[in-house]
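Residue numbers for the sequence shown follow my numbering, beginning at 992 and rising by one.
Quick reminder that beta carbons are idealized off the backbone N, C-alpha and C, glycines included.
The next block holds one structure in the form of structure tokens; read it before the comments.
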Amino acid sequence: MFGKTGTDGMTIEEIRRITAEVLTEAEAAVDTDALEAVRIKYLGRKGLLPRIMDGLKTLAPAARPEAGKLANELKNGLTARLDARKQALQQVAPTPGSGLDWSLPGRWRGLGSRHPVSLVIARAADIFRSLGFTVADGPDVETEYYNFDALNTPADHPARDVQDTFYFATGQLLRTQTSPVQIRVMERQKPPVRIIAPGRCYRRDTTDATHSANFHQIEGLYVDRNVSMADLKGDLTHFARQMMGPGVRVRFRPHFFPFTEPSVEYDFSCHVCGGKGCRVCKDSGWIEISGAGMVNPKVFRAVGYDPDEVTGYAFGMGVERIAMILYGIPDIRMLYDNDARFLAQF
Ligand code: PHE
992 MFGKTGTDGM TIEEIRRITA EVLTEAEAAV DTDALEAVRI KYLGRKGLLP
1042 RIMDGLKTLA PAARPEAGKL ANELKNGLTA RLDARKQALQ QVAPTPGSGL
1092 DWSLPGRWRG LGSRHPVSLV IARAADIFRS LGFTVADGPD VETEYYNFDA
1142 LNTPADHPAR DVQDTFYFAT GQLLRTQTSP VQIRVMERQK PPVRIIAPGR
1192 CYRRDTTDAT HSANFHQIEG LYVDRNVSMA DLKGDLTHFA RQMMGPGVRV
1242 RFRPHFFPFT EPSVEYDFSC HVCGGKGCRV CKDSGWIEIS GAGMVNPKVF
1292 RAVGYDPDEV TGYAFGMGVE RIAMILYGIP DIRMLYDNDA RFLAQF
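Spelled out as structure tokens, the structure:
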């Protein structure tokens, strides 16, 4: 066998020992830099292996082939082990021991944004504040008195039907409109009154592209001496232009509400198609935004106001409707899906 013949004065045993040593050092290398140092030490141009190869020349010709073969095996074996170790090191985090790679870039989670319903409420509040209104609030869980009776909506009125209203076993209900806040505010303060009341409303509606069982309204109430329909039309027209831009057209259609007389419905020209007709406005060119009217004297009497002294206007507008045309949202359900890709656009 290859006996004691060595290269560069080395014995075969020494070569084997060096091989084992290289393998141990390669395994101990904690990162690719340390591994590279091992590679240079043994396989580099001035490393141990080239010296072994050089030493082959000094051997007796008969011993050269076998010694050469051994040296080649050593070289290939070492190269393979170093490569394998390098791959393993590249797969694990390179920070020694910690398992964490502090050099990785951080993950950007993004900033939240305000919900379109909140944006519309905030803008509407700004516009009405500039007209001298303050923001009032009332409970979502109401009594029949505040939601209906005080608003001149008698017990046999169809709006009280269980089809429309969510009732609790206690006889309380989820308010179907923000109008009960009118009553609560007038009960605790004397005229003049100038408030808006944004909030959630609930109806047993079947959900579709334009209806939701839970939606938002902004109630408005202005009570003082000599408030007239002209104030109502002027203020709501001003609001429309501030909200939608100067190009918006508004129209008032005669309507009926138990708590206002006379009553109107108030429409915006469709912002999505410019009034030509589209899916959002159901080809009419107009979007119904709000009910409104002059406060019914019966409502004033219910809160102890004298209808011979004061008059007032009230309105209740649909927040989702405004959001849909302002931002071109074709389906009300998108406002409640909580899809971050949708919400991040506002
Ligand atoms: N509360 C009415 C509704 O929900 C809207 C309205 C409010 C109408 C105030 C007139 C005055 O439809």
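Margin query: Closer than 8 Å to a non-hydrogen atom of the ligand PHE - does that hold for the CB of F1250?
Written below: Stepping through the sequence shown from its first residue, residue 1250 is reached at position 259. Because some heavy atom of the ligand PHE lies under 8 Å away, the Cβ of F1250 counts as near it: yes.
Next item on the list: Label E1064 either buried or exposed according to how many other C-beta atoms from any shown protein chain fall within 10 Å of its C-beta, with 16 as the threshold for buried.
Entry: Residue mapping note: residue 1064 aligns to position 73 of the sequence shown, counting from 1. The residue in question, E1064, is exposed, as its Cβ has fewer than 16 Cβ neighbours within 10 Å.
Next item on the list: Take E1133 and list the residues in its own chain whose beta-carbon comes closer than 8 Å to its own, dropping the five residues that flank it on each side.
Entry: Residue 1133 sits at position 142 when you count from the first residue of the sequence shown. The answer, listed in chain order, is Q1163, L1164, L1165, R1166 and P1171.
Next item on the list: Rounded to whole angstroms, what's the CA-CA distance from R1244 to E1279? Just pull it up for me.
Entry: Within the sequence shown, numbered from 1, the residue matching residue 1244 stands at position 253. Within the sequence shown, numbered from 1, the residue matching residue 1279 stands at position 288. Their backbone Cα atoms lie some 10 Å apart in a straight line.
Margin query: Taking its Cβ as the centre, do 16 or more other Cβ atoms sit within 10 Å of D1159, making it buried, or is it exposed?
Written below: In the sequence shown, counting from the first residue as 1, residue 1159 sits at position 168. Just to set this straight, residue 1159 is Phe in the shown sequence, not Asp. Exposure of F1159 is indicated by the presence of fewer than 16 other C-beta atoms within 10 angstroms of its C-beta.
Next item on the list: Counting only the same chain and skipping the five closest in sequence on each side, list residues whose C-beta sits under 6 Å from that of T998.
Entry: For this step, residue 998 is matched to residue 7 along the sequence shown. Bear in mind that a pLDDT of 47 at T998, under 50, signals an unreliable position, so the model cannot answer this.
Notebook entry, point to check: Beta-carbon separation of A1305 and F1250 under 9 Å?
Noted result: What you label residue 1305 is simply residue 314 of the sequence shown in a count that begins at 1. What you label residue 1250 is simply residue 259 of the sequence shown in a count that begins at 1. Yes, they are a contact pair.
Check: Alpha carbon to alpha carbon, what distance is there between L1014 and R1072?
Finding: In the sequence shown, the residue the question calls residue 1072 occupies position 81. In the sequence shown, the residue the question calls residue 1014 occupies position 23. For R1072 and L1014, the distance between alpha carbons rounds to 7 Å.
Item checked: Coarse secondary structure for F1157, derived from DSSP in three states -> Here residue 1157 corresponds to residue number 166 of the sequence shown, with the count starting at 1. Coil at F1157, not helix or strand.
Check: In angstroms, rounded to a whole number, what distance separates the CA positions of A1025 and L1095?
Finding: The residue given as residue 1025 occupies position 34 in the sequence shown. The residue given as residue 1095 occupies position 104 in the sequence shown. Approximately 21 Å, taken between the alpha carbons.
Item checked: F1139: CB within 8 Å of a non-hydrogen atom of the ligand PHE -> Your numbering for residue 1139 matches position 148 in the sequence shown. No, the ligand PHE has no heavy atom inside 8 Å of this Cβ.
Note to self: Less than 9 Å between the beta carbons of V1255 and I1316, yes or no?
What the structure shows: Position 264 of the sequence shown, counting from 1, holds the residue named residue 1255. Position 325 of the sequence shown, counting from 1, holds the residue named residue 1316. It is not a contact, given that the beta carbons lie outside the stated cut-off.
Notebook entry, point to check: Got a sec? Which residues, its chain only, sit under 6 Å from L1050 by beta carbon, not counting five neighbours each side?
Noted result: Counted from its first residue, the sequence shown places residue 1050 at position 59. Within the same chain, L1050 has close Cβ partners A1058.
Check: So with Cβ pairs under 9 Å, would you call G1097 a contact of chain B?
Finding: The displayed structure is made up of one protein chain only, and chain B is not part of it.
Checklist line | Limits of the beta strand (DSSP E) - the one that E1252 falls within | finding: The count along the sequence shown starts at 1 and reaches residue 1252 at position 261. First-last of the beta strand (DSSP E) with E1252: T1251 to S1260.
Notebook entry, point to check: Is the segment 1139–1147 touching the segment 1229–1242 in the sense that three or more CB pairs, one from each, lie closer than 8 Å?
Noted result: no
Item checked: Counted within 10 angstroms of its Cβ, other Cβ atoms place Y1033 as buried (16 or more) or exposed -> Here residue 1033 is taken as the residue at index 42 of the sequence shown, counted from 1. Buried, because 16 or more other Cβ atoms sit within 10 Å of the Cβ of Y1033.
Next item on the list: Note down the Cα distance separating P1321 from T1125, rounded to an integer number of angstroms.
Entry: Within the sequence shown, residue 1321 is the residue found at index 330, counting from 1. Within the sequence shown, residue 1125 is the residue found at index 134, counting from 1. Their Cα atoms are separated by approximately 32 Å.
Check: Going by the beta-carbon positions, is the gap between A1200 and R1324 smaller than 9 Å?
Finding: Residue mapping note: residue 1200 aligns to position 209 of the sequence shown, counting from 1. Residue mapping note: residue 1324 aligns to position 333 of the sequence shown, counting from 1. Against a cut-off of 9 Å, the Cβ pair of R1324 and A1200 comes out as a contact.
Note to self: Would C1192 and T1161 qualify as a contact pair, given that the criterion is a beta-carbon distance under 9 Å?
What the structure shows: The sequence position of residue 1192 within the sequence shown is 201, counting from 1. The sequence position of residue 1161 within the sequence shown is 170, counting from 1. Using a Cβ distance threshold of 9 Å, C1192 and T1161 do not count as a contacting pair.
Check: Taking Cβ positions, are M1308 and M1220 nearer each other than 9 Å?
Finding: The sequence position of residue 1308 within the sequence shown is 317, counting from 1. The sequence position of residue 1220 within the sequence shown is 229, counting from 1. Cβ distance not < 9 Å, so M1308 and M1220 don't count as in contact.
Note to self: Between the alpha carbons of H1148 and N1329, how many angstroms are there, rounded?
What the structure shows: Against the sequence shown, residue 1148 aligns to sequence position 157. Against the sequence shown, residue 1329 aligns to sequence position 338. Going by the C-alpha atoms only, they are around 36 Å apart.
Check: Does the distance from the C-beta atom of G1129 to that of R1175 stay below 9 Å?
Finding: Residue numbering aside, residue 1129 sits at position 138 when the sequence shown is read from its first letter. Residue numbering aside, residue 1175 sits at position 184 when the sequence shown is read from its first letter. Taking 9 Å as the Cβ cut-off, G1129 and R1175 qualify as a contacting pair.
Next item on the list: Could you check the C-alpha separation between I1006 and N1067 for me, to the nearest Å?
Entry: Walking along the sequence shown from the start, residue 1006 turns up at place 15. Walking along the sequence shown from the start, residue 1067 turns up at place 76. About 14 Å.
Next item on the list: Let me know the alpha helix (DSSP H) ranges lying completely inside the segment 1066–1123, each 4 residues or longer, listed in chain order.
Entry: 1107–1120
Check: Going by the CB atoms, is the gap between Y1318 and P1182 shorter than 9 Å?
Finding: Against the sequence shown, residue 1182 aligns to sequence position 191. Against the sequence shown, residue 1318 aligns to sequence position 327. Contact: no.
Checklist line | For Q1336, the three-state DSSP class (helix, strand or coil) | finding: Taking the first residue of the sequence shown as 1, we reach residue 1336 at position 345. Residue state, collapsed to three classes: coil.
Next item on the list: Within the same chain, show all residues whose beta-carbon is closer than 6 Å to that of R1030, passing over the 5 residues directly before and after it, in chain order.
Entry: The residue given as residue 1030 occupies position 39 in the sequence shown. Counting only Cβ-Cβ distances below 6 Å, and skipping sequence neighbours, we find L1073.
Item checked: Which listed residue (V1239, P1052 and A1020) has its alpha carbon closest to that of L1080 -> On the sequence shown, position 89 is the one that residue 1080 refers to. Taking only the C-alpha atoms, the option nearest L1080 is A1020.
Item checked: Beta bridge counterpart(s) of R1185 as assigned by DSSP -> In the sequence shown, the residue the question calls residue 1185 occupies position 194. R1185 pairs with Y1213.
Note to self: Check this for me: beta carbons of V1310 and V1108, under 9 Å apart or not?
What the structure shows: Position 319 of the sequence shown holds residue 1310. Position 117 of the sequence shown holds residue 1108. With contacts defined by Cβ atoms closer than 9 Å, V1310 and V1108 form a contacting pair.
Check: DSSP on Y1296, reduced to helix/strand/coil?
Finding: On the sequence shown, residue 1296 is found 305 positions in, with the first residue counted as 1. Looking at Y1296 - three-state DSSP - the assignment turns out to be coil, as it is neither helix nor strand.
Notebook entry, point to check: Looking only at C-alpha atoms, which of V1153, F1119 and M1177 sits nearest to D1226?
Noted result: In the sequence shown, residue 1226 corresponds to position 235, counting from 1. Nearest of V1153, F1119 and M1177 to D1226, Cα basis: F1119.
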